[in-house]
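Going down the list, the sequences are from chains A and B. Under the numbering used here, the first sequence has 103 at position 101, and the numbering climbs by one with no breaks. Under the numbering used here, the second sequence has 103 at position 101, and the numbering climbs by one with no breaks.
2 protein chains.
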Amino acid sequence: MPENLSVPLAALDAADRALVDGVLARQLRPLAKTITLIESQRDDHKARARAVLEALLPSTGRAMRVGISGVPGVGKSTFIEALGLYLIEQGLRVAVLAVDPSSSVTGGSILGDKTRMEQLSQNTAAFIRPSPSACSLGGVAEKTRETMLVCEAAGFDVVIVETVGVGQSETAVAGMTDIFCLLQLPNAGDDLQAIKKGIMEIADLIVINKADIDPSAAMRAKSQIKTALHMLRPMSPNWTVPVLTLSALKQDGIAEFWQQVMEYRAVLTKSGEFDAKRRHQALAWMWDMIDAGLRSRFRQHPQVKHELPQLAQAVEAGSTTPSAAALRLLGYMN
Amino acid sequence: MPENLSVPLAALDAADRALVDGVLARQLRPLAKTITLIESQRDDHKARARAVLEALLPSTGRAMRVGISGVPGVGKSTFIEALGLYLIEQGLRVAVLAVDPSSSVTGGSILGDKTRMEQLSQNTAAFIRPSPSACSLGGVAEKTRETMLVCEAAGFDVVIVETVGVGQSETAVAGMTDIFCLLQLPNAGDDLQAIKKGIMEIADLIVINKADIDPSAAMRAKSQIKTALHMLRPMSPNWTVPVLTLSALKQDGIAEFWQQVMEYRAVLTKSGEFDAKRRHQALAWMWDMIDAGLRSRFRQHPQVKHELPQLAQAVEAGSTTPSAAALRLLGYMN
């Protein structure tokens, strides 16, 4: 980027320089402190976080980013613990993050309690961080994405981002990871209605967990899901979404899962789609932030604030057209 | 709407008053002229169109709005002609519009040639209008939605909005109609992959056309589609998406199709969802226009115009973060 276009950064003072150096030296304390800085709502912290992030940026991008979703009870924690321990056995370092937009309200339903992944959390090659709290999904997702970059700079080879299906959180996680994996229960039939609209369509890999409990039900579910997937146009012309059955509890099928993730990376890297997806994600992220910023300014304009509720009501009631209302409100932004 | 919040309208001069009166009197010439005014890109025409629309507004909202989509070759024209003629037989007046975002480039692939619906286009109870040309899908959809309102004011009982699956055009059409119908070919198996991601999920009704050619293939397709639908959470708790087989060419199954549309309206009207959907659509429309307006102003800012290409490139290349780029560009909007 030409020098004259660089964003004016807060000066990287000694303390922040120490954070950057500590992260790059793969030290856990500076890592945790940097993430806390990123999650802070204070304006001075935001400026410092931006400066630290920019300094770390050249050291990011080397991890495999894996999104994991599935309804509560599907066994996400058990799966992530089994996967994490397997990866550590292979000599890899693993970071586990979460996007849980309900965490602001409820205090967080996932990863809030590290005892849920007891073995993994005690392993020095693993780093587990619960979902940030923020007022909006956009805020949560933004902070998680930046935390992911910090983890990459700290040399983690795999970053796992977990989410429960709250709001549009799956879309947000799919938009920040290289591969999005959906965990399913083996109950065939009605329970599969729990597959939320649109989620199966953004999955790159589907896992039927707890297959040991009722193997024949798991096979039925697999066949049903394959049929459903068959009706959807694939995201990539080079990748047919695999449906795997496994048991995270018995650590059965974890190696095969990871083999598929690696296969996915190899195929999409070869076709150029892997890098294209990352470039596209970064750009889409920028536009999301721009749109959010523009809308936030719009809503804060005193005249808009004053008239929006009544105009929205008039549009709903059909007494004015959406375009007339939009034009009137936009007029104040000149 | 309180008087002080009304949007300042262009004065309704004698010519425009004549247009309004003509539309309300159900005359086709003023109807066509009003639509031409709506489709015009000229600023003075836009102001006049807004005034005419506002004057027509109290007379809108009474038509059943039916969206029809399906890949080229599925038989949309034949289906719409058969449906239109059936509805006219029932004493109804039918308007057929189109949303084809490719029309700006190609001159339009649907409804451009009225001979495709020869009988319907010659019937005085029918009004067929090809897709407007505009530079963006948003523009095309906006004009079509406003045209739909004009048709309603002109007393049409049913407005059919046709689309081919270009870009997000199906979502746009589903967002302006009461019921969104997806036409499918009876080829089971591989050809069903042509269902675009997310389209089946917004369908309220699925029609397998050309069922006469291979009835057993049509039944297999029906069963496959039903299985796939079963995996999706329904849009309404009160409506299970029906899958119908029919032959538009032989005019076989058209009455059953319309019966399902009426059933849909009855069920959702009873539950309150019908009106709620329209209110929600109007509000979403307003926000779409606001977002588009904000982004357009943003893009026109000289500094943004100057720096956006390079910053976007830097974000794609990973040499700056999306947030830093967004913050820098948003800074110019103060």
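Heads up, the beta-carbon is just placed ideally off N, CA and C, and yes, glycines get one too.
Straight through space, the alpha carbons of L187 (chain B) and G69 (chain B) are spaced by roughly 18 Å. In this structure the stretch 43–58 of chain A does not lie against the stretch 158–176 of chain A, because fewer than three pairs of beta carbons, one per stretch, are closer than 8 Å. The beta carbon of A17 (chain A) is closer than 8 Å to none in its chain, skipping five residues each way along the sequence.
Under the Cβ distance rule, I210 (chain B) does not count among the residues neighbouring chain A, no pair being separated by less than 8 Å. For I181 (chain B), same chain residues with a beta-carbon under 8 Å away, outside a window of 5 residues either side, are M66, R67, V68, G69, D206, L207, V263, Y266 and R267 in chain order.
Assigned with DSSP and collapsed to three states, A97 (chain A) falls in strand. In this structure, A143 (chain A) keeps its C-beta atom at 8 Å or more from the C-beta atom of I256 (chain A).
Distance from L184 (chain B) to S321 (chain B) at the Cβ level is roughly 44 Å; contact not present, criterion being Cβ atoms closer than 8 Å. About 11 Å separates the beta carbon of P311 (chain A) from that of V317 (chain A), a gap too long to meet the 8 Å contact definition. If you draw a straight line from the Cα of S298 (chain A) to the Cα of M291 (chain B), it comes to about 15 Å. Note that the C-beta distance between L21 (chain A) and T38 (chain A) is not below 8 Å.
The alpha-carbon of S79 (chain A) is positioned some 10 Å away from that of L122 (chain A). Comparing alpha carbon positions, the residue from A:A220, A:K252, A:H303 and A:G63 closest to Q283 (chain A) is A:G63. Against chain A, the beta carbon of G320 (chain B) has neighbours under 9 Å at L59, P60, T62, G63, R280, R281 and A284, listed in chain order.
Three or more beta-carbon pairs separated by less than 8 Å link the stretch 147–165 of chain B to the stretch 93–104 of chain B, which places the two stretches in contact. In the DSSP annotation of this structure, the continuous segment of the beta strand (DSSP E) that includes T165 (chain B) starts and ends at V160 to T165.
The C-beta distance from N240 (chain A) to L270 (chain A) rounds to 7 Å, short enough to meet the 8 Å contact threshold. When the beta-carbon positions are compared, T173 (chain A) and V101 (chain A) stay at least 8 Å from each other. For L14 (chain A), there are no C-beta contacts with chain B under 7 Å, since the nearest C-beta of that chain is about 14 Å from it. DSSP, reduced to helix, strand and coil, places V209 (chain A) within a strand of the structure shown.
Contact check for F81 (chain B) against A223 (chain B) fails: the beta carbons are separated by 8 Å or more. In this structure, K228 (chain A) lies away from G77 (chain A), with their beta-carbon atoms at least 8 Å apart. Contacts between L331 (chain A) and chain B, judged by CB atoms closer than 9 Å, involve M288, I292 and G295 in chain order. Along the stretch 23–39 of chain A, none of the residues has a CB nearer than 8 Å to a CB of chain B.
Taken through DSSP and simplified to helix, strand or coil, Q261 (chain A) comes out as helix. In the displayed model, M237 (chain A) falls within coil according to three-state DSSP, outside both helix and strand. Of the candidates B:A128, B:D46, B:A219 and B:A136, the residue whose Cα lies closest to the Cα of I162 (chain B) is B:A128. In this structure, S171 (chain B) sits away from P60 (chain B), with a CB-CB distance that is not shorter than 8 Å.
Contact with chain B is found for A327 (chain A), since one of that chain's Cβ atoms lies less than 8 Å from the residue's Cβ. Contact annotation for Q302 (chain B) against chain A: no contact, minimum CB-CB distance about 12 Å [criterion: below 7 Å].
Counted as a single uninterrupted DSSP element, the beta strand (DSSP E) harbouring L246 (chain A) occupies residues V245 to T247. The DSSP-derived three-state label of Q170 (chain B) is coil.
If only uninterrupted beta strand (DSSP E) runs of at least 3 residues are considered, those enclosed by the stretch 45–80 of chain B are 66–71. The C-alpha of A220 (chain B) is placed about 14 Å away from the C-alpha of D254 (chain B). Straight through space, the alpha carbons of G24 (chain A) and S138 (chain B) are spaced by roughly 49 Å. Chain A has no Cβ within less than 8 Å of the Cβ of R267 (chain B).
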